[in-house]
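Undergrad: One line per chain: the protein sequences are L and B, in this order. 8 is the number of the first residue of the first sequence in our numbering; add one for each residue after it. 27 is the number of the first residue of the second sequence in our numbering; add one for each residue after it. Glycine included, each C-beta is placed from N, C-alpha and C at the ideal position.
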Amino acid sequence: MDIKLQQVSFAYSVGTPFEKYALFDVDLNIESKTYQAIIGHTGSGKSTILQHFNGLLKPTKGQVHIGERIIEAGKKAKELKPIRQKVGIVFQFPEHQLFEETVLKDIMFGPMNFGVSEEEAERRAREGIKLVGLPEEVLEKSPFDLSGGQMRRVAIAGVLAMNPEIIVLDEPTAGLDPRGQKEIMDLFYKLHKERELTTILVTHSMEDAAKYADNIAIMHEGRCVLTGTPREIFSDSETLQKYRLELPRIVRFQRKIEQLIGKPLSKVCLTEEELAEEIARQKRKGGDE
Amino acid sequence: MMEKMIFGRYIPGNSFIHQLDPRSKLIFTFIFIIVVFLANNVVTYSFLLAFTLFVIFISRVKLYFLINGLKPVIILIIFTFFIHILFTREGAVILDLGFLKVYEQGLRQGIFISVRFTVLVLMTSILTLTTSPISITDGMEVLLNPLKKLKVPVHELALMMSIALRFIPTLMDETDKIMKAQMARGSDLSAGPIKDRIKAVVPLLVPLFVSAFKRAEDLATAMEVRGYRGGEGRTRYRQLKWDGKDTICVLSLVFVTALLVFLRN
């Protein structure tokens with residue numbers, strides 16, 4: 008299922024003195040089964056754009072294509088439930104959405120809203136809790152007795168249990184410790200690979216974008232200013248600087264090494280492994296550095 | 027939906043009303059609420075309505091914006107209107123549907139009460155729309171100061187009020203967020219039979235309460251850490267100033283009251 012935004016503009020509080028545009032003529036194409044990162048500075052419209060992916064917000068101008076469905080400015084959008092089942096959103100601090108007496112019931116809430124039978128919902132909950140790396144005993148506990156990190160995982164399991172085709176992540180690791188961050192990001196990457204889940208990651212972590220994404224879109228002051236593969240995007244540090252974004256740590260490190268050896272490496276490396284290999288190759292080739 | 031609520035919101039501006047001291051506005055609004063009940067005939071109610079529109083006009087708050095924000099209250103107004111139509115049985119019958127008789131007094135009372143309601147809500151909205159929450163509580167605290175002698179915890183009350191006002195927008199945003207998160211999980215607040223809709227409120231209220239309590243606790247800690255210890259000996263950064271405009275404002279109210287007393291039956 009592809010998502011396509013065509014000339015989408017969005018304003019909050021239309022028709023009041025607080026009217027404020029958050030998006031201007033955004034064009035964005037997200038192909039099925041890809042990993043798309045959307046990066047940008049605070050207030051660049053990242054969070055606004057993601058709410059268009061399942062019809063929580065309706066564009067003020069323009070069109071949003073979600074699979075076969077078109078959500079268009081000025082037209083009433085009815086029956087959004089099928090879309091919301093197919094596009095799962097993990098909001099920022101998703102643990103704030105927990106409410107049930109037990110973890111099990113909370114995870115089952117999503118699927119049952121979409122008409123899944125109780126047995127099936129429970130099966131998915133048991134599967135989901137293992138997927139996010141929590142023991143099955145947690146299912147019987149109250150979500151409010153868990154630690155912050157565990158609550159986050161439960162909330163994620165609740166979204167995964169809906170069996171979405173597309174998963175949208177809004178800063179899914181904000182406020183977690185480094186290890187928890189890596190585990191969560193790896194989990195989503197695994198799901199992306201194994202279940203061919205189209206993944207849309209909204210983040211301001213250049214590292215995550217560089218490491219996981221197939222494509223990156225840069226948002227700046229409500230506009231989508233740049234799209235490309237991570238390698239393309241991170242080769243051009245000047246443009247990034249213009250949008251007040253930094254290079255990923257590993258690319259900055261590469262730049263330092265290049266300064267040290269006095270010549271650029273043959274390509275921009277996006278992970279530690281890649282960089283190590285590249286340096287080794289360079290060394291074998293040059294010999295005298 | 028949430029963003030249309032104007033309750034407790036403040037629209038910055040520089041109109042005559044904006045420039046008034048919060049104390050004069052508070053006195054004005056408070057007494058106006060009482061004075062409204064003096065009206066009892068067509069002339070006085072029309073005068074009240076005209077006066078309110080005049081105040082709205084000089085406050086430069088856009089009328090359509092006010093009306094839009096008042097939609098939730100309008101349901102209540104319509105409801106009271108119909109209660110009067112249905113249950114007041116005085117005067118001549120002006121409409122006879124057999125099973126239902128509408129009496130002249132019923133219609134009259136219904137309209138009067140609705141006007142009274144509208145005027146009250148509009149006037150109090152003007153107060154909150156043109157006065158920042160902080161000024162309101164500052165004004166309130168100063169006005170209530172004499173009550174301290176009677177051991178009324180004025181400072182604490184003012185603080186409670188300012189915190190409550192301060193958190194209205196925050197809680198609204200929070201509600202909006204949680205609502206969206208649950209909608210993304212397939213919960214539907216705006217469709218289906220009433221029973222389902224009431225059920226759909228639970229996933230909204232529980233997280234909202236949890237976060238409100240957490241916020242309250244964090245706020246209390248933050249205040250304590252910064253050495254807050256009540257109103258005793260506390261000086262203020264914002265000084266209130268009473269000038270000619272404020273006197274005009276209060277005098278206009280005297281004028282309104284006099285006119286109402288004169289014109290009522």
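Give a yes or no on whether the minimum CB-CB distance between Ser2(B) and chain L is below 7 Å.
TA: Residue 2(B) is absent from the structure shown; chain B starts at 27 and stops at 291.
Undergrad: I'd like to check one pair, His48(L) with Arg251(L): are the Cβ atoms closer than 7 Å?
TA: As a first step, residue 251(L) must be located in the first sequence, where it is residue number 244. As a first step, residue 48(L) must be located in the first sequence, where it is residue number 41. Contact flag set, yes.
Undergrad: Which residues bound the alpha helix (DSSP H) around Met8(L)?
TA: By 1-based counting over the first sequence, the position of residue 8(L) is 1. Per DSSP, Met8(L) belongs to no alpha helix (DSSP H) and is neither H nor E.
Undergrad: In terms of residue numbering, what span does the alpha helix (DSSP H) encompassing Tyr219(L) cover?
TA: Looking up residue 219(L) in the first sequence gives position 212. Taken as a continuous stretch (DSSP letters only), the alpha helix (DSSP H) holding Tyr219(L) covers Met213 to Tyr219.
Undergrad: Quick check on Ser72(B) - is its C-beta less than 7 Å from some C-beta in chain L?
TA: Residue mapping note: residue 72(B) aligns to position 46 of the second sequence, counting from 1. Ser72(B) does not count as touching chain L.
Undergrad: Could you tell me if Glu296(L) is buried or exposed, where buried requires 16 or more neighbouring beta carbons within 10 angstroms of its beta carbon?
TA: Taking the first residue of the first sequence as position 1, residue 296(L) is located at position 289. Legend: pLDDT at Glu296(L) = 47, less than 50; position of this residue unreliable, no value from coordinates given.
Undergrad: If contacts are defined as beta-carbon pairs under 8 Å, then Arg131(L) and Pro118(L) qualify, I think. What distance do you get, rounded to the angstrom?
TA: As a position in the first sequence, residue 131(L) is number 124, starting the count at 1. As a position in the first sequence, residue 118(L) is number 111, starting the count at 1. Between Pro118(L) and Arg131(L) the Cβ distance is about 6 Å, and since that is below 8 Å, they are a contact.
Undergrad: Let me check understanding here. Comparing Cα to Cα, which of Ile136(L), Val175(L), Glu214(L) and Lys274(L) lies closest to His199(L)?
TA: Reading the first sequence from its first residue, position 192 is the one you call residue 199(L). Considering only alpha carbons, the answer is Val175(L).
Undergrad: List the DSSP bridge partners of Met226(L).
TA: As a first step, residue 226(L) must be located in the first sequence, where it is residue number 219. DSSP lists Gly47(L) and Cys231(L) as partners of Met226(L).
Undergrad: How far does the alpha helix (DSSP H) with Thr246(L) in it extend, from its first residue to its last?
TA: As a working mapping, residue 246(L) is identified with position 239 in the first sequence. DSSP places Thr246(L) inside the alpha helix (DSSP H), whose first and last residues are Ser244 to Lys249.
Undergrad: Around the C-beta of Tyr263(B), are 16 or more other C-beta atoms found within 10 angstroms, so that it is buried, or is it exposed?
TA: Taking the first residue of the second sequence as position 1, residue 263(B) is located at position 237. Burial call: exposed.
Undergrad: Between Gly50(L) and chain B, is the shortest Cβ-Cβ distance under 7 Å, so that the two count as touching?
TA: Numbered from its first residue, the first sequence carries residue 50(L) at position 43. With 7 Å as the cut-off, Gly50(L) does not count as an interface residue toward chain B.
Undergrad: Does the contact criterion of 3 or more C-beta pairs under 8 Å hold for the region 158 to 178 of chain B versus the region 83 to 102 of chain B?
TA: no
Undergrad: Indicate whether Asn120(L) and Gly253(B) have their beta-carbon atoms separated by less than 7 Å.
TA: Here residue 120(L) refers to the residue found at position 113 of the first sequence. Here residue 253(B) refers to the residue found at position 227 of the second sequence. For Asn120(L) and Gly253(B), no; Cβs fall outside 7 Å.
Undergrad: Determine, using beta-carbon pairs with one atom in the region 236 to 250 of chain L and one in the region 265 to 275 of chain L, whether at least three such pairs fall under 8 Å.
TA: yes
Undergrad: Which whole-angstrom value describes the C-beta separation of Gly229(L) and Leu30(L), a residue pair presumed to lie in contact below a C-beta threshold of 8 Å?
TA: The residue given as residue 229(L) occupies position 222 in the first sequence. The residue given as residue 30(L) occupies position 23 in the first sequence. Contact holds; Cβ gap of about 5 Å.
Undergrad: I'd like the span of the beta strand (DSSP E) that includes Tyr129(B), first residue to last.
TA: To locate residue 129(B), count along the second sequence from 1; it is residue 103. First-last of the beta strand (DSSP E) with Tyr129(B): Lys127 to Tyr129.
Undergrad: Quick one: is Lys93(L) buried, meaning 16 or more other Cβ sit within 10 Å of its Cβ, or exposed?
TA: For the purposes of this step, residue 93(L) is taken as the residue at position 86 of the first sequence. Buried, by the Cβ-count rule.
Undergrad: Taking only the alpha-carbon atoms, compute the straight-line gap between Leu194(L) and Ser188(B) and give it to the nearest angstrom.
TA: Residue numbering aside, residue 194(L) sits at position 187 when the first sequence is read from its first letter. Residue numbering aside, residue 188(B) sits at position 162 when the second sequence is read from its first letter. Spanning the two alpha carbons is a distance of roughly 44 Å.
Undergrad: Between Leu153(L) and Val161(L), how many whole angstroms is the CB-CB distance? I'm expecting something under 8 Å.
TA: The sequence position of residue 153(L) within the first sequence is 146, counting from 1. The sequence position of residue 161(L) within the first sequence is 154, counting from 1. Contact annotation, Leu153(L) with Val161(L): C-beta distance approximately 7 Å; criterion of less than 8 Å satisfied.
Undergrad: For the ligand PLP, is there a heavy atom less than 6 Å away from the beta-carbon of Ile109(B)?
TA: Ligands displayed in this structure: none; no statement on the ligand PLP is therefore possible.
Undergrad: Looking at the structure shown, is His199(L) part of a helix, part of a strand, or coil, going by DSSP?
TA: Translated into positions along the first sequence, residue 199(L) becomes position 192. His199(L): helix per DSSP, three-state reduction.
Undergrad: With DSSP as the reference, please indicate the residues paired to Asp199(B) in a beta bridge.
TA: Taking the second sequence and counting its residues from 1, one reaches residue 199(B) at position 173. In DSSP, Asp199(B) forms no bridge with anything.
Undergrad: Is the beta carbon of Leu279(B) closer than 7 Å to that of Ile59(B)?
TA: Working through the second sequence from its first residue, we reach residue 59(B) at position 33. Working through the second sequence from its first residue, we reach residue 279(B) at position 253. No; because the gap between Cβ atoms is not below 7 Å, this pair is not in contact.
Undergrad: If we define contact as Cβ-Cβ less than 7 Å, is Pro229(B) a contact residue for chain L?
TA: Here residue 229(B) refers to the residue found at position 203 of the second sequence. Yes, its Cβ sits closer than 7 Å to a Cβ of chain L.
Undergrad: Under 9 Å Cβ-Cβ, which residues of chain B neighbour Gln157(L)?
TA: Looking up residue 157(L) in the first sequence gives position 150. Result: empty, since nearest Cβ-Cβ is about 15 Å, beyond 9 Å.
Undergrad: Name, in chain order, the residues that DSSP records as bridge partners for Val119(B).
TA: Numbered from 1 along the second sequence, position 93 holds the residue referred to as residue 119(B). Here Val119(B) is bridged, per DSSP, to Tyr129(B).
Undergrad: Could you list which residues in chain L have their beta carbon closer than 9 Å to that of Val236(B), in chain order?
TA: In the second sequence, the residue the question calls residue 236(B) occupies position 210. Under the 9 Å cutoff, chain L gives His103, Leu105, Phe106 and Phe151.
Undergrad: Let me know if Val180(B) comes out buried or exposed under the rule of 16 or more other beta-carbons within 10 Å of its beta-carbon.
TA: Numbered from 1 along the second sequence, position 154 holds the residue referred to as residue 180(B). Label assigned to Val180(B): buried.
Undergrad: Name, please, each residue of chain L whose Cβ falls closer than 8 Å to the Cβ of Lys204(B).
TA: Within the second sequence, numbered from 1, the residue matching residue 204(B) stands at position 178. Per the sequence shown, the amino acid found at residue 204(B) is Ile instead of Lys. Residues of chain L passing the Cβ test: His103 and Gln104.
Undergrad: Taking C-alpha atoms, which residue in Asp177(L), Glu127(L), Pro101(L) and Phe25(L) lies nearest to Ile56(L)?
TA: Working through the first sequence from its first residue, we reach residue 56(L) at position 49. Minimum Cα distance to Ile56(L) is reached at Asp177(L).
Undergrad: Which residues of chain L have a Cβ atom closer than 9 Å to the Cβ of Ser213(B), listed in chain order?
TA: Counting from 1 along the second sequence, the entry for residue 213(B) is found at position 187. Correct list: Phe116, Gly117 and Asn120.
Undergrad: For Ser41(B), which of helix, strand or coil comes out of DSSP?
TA: Along the second sequence, one-based indexing puts residue 41(B) at 15. Coil, per DSSP.
Undergrad: What ranges does the beta strand (DSSP E) occupy inside the region 124 to 201 of chain L, keeping only unbroken runs of at least 3 residues that lie completely in it?
TA: 173 to 177
Undergrad: Output needed for Ile82(B): all residues of its chain with C-beta closer than 8 Å, excluding positions within five of it in sequence on either side, in chain order.
TA: Here the question's residue 82(B) lines up with position 56 in the second sequence. Closer than 8 Å at Cβ, skipping near neighbours: Leu89, Leu92, Leu148 and Ile152.
Undergrad: Check whether the region 198 to 210 of chain B and the region 160 to 173 of chain B are in contact - that is, three or more C-beta pairs closer than 8 Å.
TA: no
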